[in-house]
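First residue of the sequence shown: 3, per my numbering; consecutive thereafter.
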Amino acid sequence: MKKITSLTALAAFSATATYAGVATSANVDGYFEIDSPISGDVTLNSANKYLLTEIVYVTDGTLTIPEGTVIYGKIGVKDGSNNVIQEPGTLVVTRGAQIEAIGTPSDPIIFTFEGDPDPKNAPTAPVAGDTLVTGLWGGVIVLGNAPINNDQSGSNALLVPGTDFIEGLVEPSVEDVEPNMYGVYGGDAPHDSSGIIKYVSIRNGGFNLSADNEINGLTMGGVGAGTVLEYVEVIAGQDDGFEWFGGTVNSKYLLSAYNNDDAFDYDQGFSGLGQFWAAVLANNGVDGDKGGEFDGDDQAGAKPYAVPVIYNMTVIGTGEDVKSGNGGGQIDYDANGAGGLFNSIIVESGIASLDINGTVGSGEIESTSSVAQLENGLLNIRSNIWHRDVSNTSADVVADHDAGAADLALNTGNNAFTNPYIGGANYAVMATAKRYSVDGVYLKPSAFGDVINNLEPYIGTFFDAVTYKGAFDPSGTTWTSGWTVPSTLGYFAE
3 MKKITSLTAL AAFSATATYA GVATSANVDG YFEIDSPISG DVTLNSANKY
53 LLTEIVYVTD GTLTIPEGTV IYGKIGVKDG SNNVIQEPGT LVVTRGAQIE
103 AIGTPSDPII FTFEGDPDPK NAPTAPVAGD TLVTGLWGGV IVLGNAPINN
153 DQSGSNALLV PGTDFIEGLV EPSVEDVEPN MYGVYGGDAP HDSSGIIKYV
203 SIRNGGFNLS ADNEINGLTM GGVGAGTVLE YVEVIAGQDD GFEWFGGTVN
253 SKYLLSAYNN DDAFDYDQGF SGLGQFWAAV LANNGVDGDK GGEFDGDDQA
303 GAKPYAVPVI YNMTVIGTGE DVKSGNGGGQ IDYDANGAGG LFNSIIVESG
353 IASLDINGTV GSGEIESTSS VAQLENGLLN IRSNIWHRDV SNTSADVVAD
403 HDAGAADLAL NTGNNAFTNP YIGGANYAVM ATAKRYSVDG VYLKPSAFGD
453 VINNLEPYIG TFFDAVTYKG AFDPSGTTWT SGWTVPSTLG YFAE
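Here it is as structure tokens:
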């Protein structure tokens, strides 16, 4: 199908194609094609194989995806001049539309690439040899009406304040702006709902339309707190696993593993709550950047500030097999990024475990920086365990940041540098084993010492008041068990 390159084209198409956009019969390869915007309330059938043949927009109504449904996406193709000649199969839920994707632990919803032989029973490995198996389709993009902190500078001057065009889609030019701007996100509704995404697996995707314009595994723009986001994995993505551009959506039980860039990335004033996030980076020396890239915005001083609060995060880094050019910290705060990180475990970083940016060459603190946010009390990092080297069972220095020890108040914030013994006596296995080998990753820390002591109190009603640090209960079954790709392939020693 002809590639849609402008919002004018999108508006014209939507005026003539008011049907649902889902084929009622299979093609010769057995796929039910989705090759036009989805309009109105549509429910898929888990017995069918669906194929996203291009960037597909859910323009209004609710797209309901039953448990066990598998949705495939076409691979994106560029010509020799780097022009896109085949859009990657991608699902975009636009502002005002909703998605109801509710899988189960025994029958998750799967997004994967066209031709994946047996995604339910034998998932495609995230890494073949030492090469990431990625970029085989697009991804999932959800857009909402919650606040973002984008201003109206440069090419965004046409937009209503507090809105933006989402990364990964073709931005319209001035002459192409029309009312049906499907790629726009942001607004003034912090409790806006884009639906429910639960027990969903997003695999082997990602696509770079142009420099700094990539489709991530799950991209969220201005998604509101009325949205439910729980039990979601992004595996082997070409860019970031999860990325938030502003918004207020809360989330629990997110797994980002073997992605080429950052595991978790937020920007543009994101202010949601998060608990039980897990990042596993591929230790192949080529892929995997930050466990968390936490930015405020590209525009200094933009408000609302990015102040998400995250409890019980686990990051297992690349160890010595660091991606070329990867500097900064495994957890990296920059560009006025703030918020809270509590009761978390960061191990095997390879690079510095923490970087809080914000000083100039003279050592002077920039007024619109993450260091300034720390000093102003808007960035708080307390009661975490930082241990860089799993082969070293002693305490290990981890912090490398612009303003020295004052960045963390390391001596007063209950941050510990002791060994959490993830996997108990098997902790040192991760010093040599590939993260993408059988029993190459241990997730559960040992229930002693700093893992269960000196916890930061839980605030509000969203967070579960657990008695341990990190994303996994030392004494329980891991929440990744059975439904995630690494669990199914035996990479996680659960």
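Note that the Cβ used here is the ideal one computed from N, Cα and C, for glycine as well.
Taking 9 Å as the threshold (C-beta atoms), are T92 and G23 in contact? no
Would DSSP call T71 helix, strand or coil? coil
Do I333 and F296 have their C-beta atoms closer together than 9 Å? yes
So which of N286, P121, S212 and D43 has the shortest CA-CA distance to E89? S212
Just to confirm my understanding: we take G342, look at its own chain, exclude 5 residues before and 5 after, and list those with CB closer than 6 Å. What are they? V311 and N382
Please state if the CB of A340 and the CB of Q539 are separated by a distance shorter than 9 Å. In the structure as shown, the chain starts at 3 and stops at 496, and residue 539 therefore has no counterpart that could be examined.
Along the chain, where does the alpha helix (DSSP H) that runs through Q375 open and close? S372 to E377
With DSSP as the reference, please indicate the residues paired to Q301 in a beta bridge. DSSP lists no partner for Q301.
Given a cut-off of 9 Å, decide if W388 and I348 are closer than it, judged by their beta-carbon atoms. yes
Chain-order list of residues whose beta-carbon lies under 7 Å from that of S483 (same chain, five-residue window excluded): S489 and E496
Taking L54 as the reference, which of F115, V79 and T106 has the closest Cα? F115
Quick check on D118: buried or exposed, where buried means 16 or more other Cβ atoms within 10 Å of its Cβ? buried
Going by Cα to Cα distance, which pick from D336, K200, V142 and W481 is closest to E368? D336
Where G294 falls: helix, strand or coil (DSSP): strand
Taking 9 Å as the cut-off, decide whether the C-beta atoms of F244 and Y187 are in contact. no
Let me make sure I understand the geometry here. Which of T106, N147 and G294 has the alpha-carbon closest to that of G189? N147
On the criterion of 16 or more Cβ atoms from any shown chain inside 10 Å, does N421 qualify as buried, or is it exposed? buried
Got a sec? Which residues, its chain only, sit under 7 Å from V487 by beta carbon, not counting five neighbours each side? P125, P128, S203, R205, E235 and I237
Please name the residue, chosen from G164, F113 and K122, that lies closest to V139 on a Cα-to-Cα basis. The residue you asked about is not Val; residue 139 is Trp in the sequence shown. Cα-wise, what sits closest to W139 is F113.
Tell me the DSSP bridge mates of E245? T221 and D267
Please work out which residues of its chain come closer than 6 Å, Cβ to Cβ, to N210, disregarding the five sequence neighbours upstream and downstream, and give them in chain order. E216
If I measure Cβ to Cβ from A281 and keep anything under 6 Å in the same chain, skipping five residues before and after, which residues do I get? S258, A265, G293 and V317
If you draw a straight line from the C-alpha of N261 to the C-alpha of L283, how long is it? 7 Å
Tell me the DSSP secondary structure of L491 in three-state form. helix
By the three-class DSSP mapping on this structure, what secondary structure does V431 have? helix
Assigned secondary structure, G287 (DSSP; H/G/I helix, E/B strand, else coil): coil
If you run the structure through DSSP and keep just helix, strand and coil, what is D452? helix
Buried or exposed: where does K200 fall if 16 or more other Cβ atoms within 10 Å of its Cβ makes it buried? buried
Coarse secondary structure for G426, derived from DSSP in three states: helix
Count the CB pairs spanning the segment 436 to 449 and the segment 458 to 468 that are closer than 8 Å, and state whether there are at least three. no
Cβ atoms of S195 and G226: under 9 Å apart, would you say? yes
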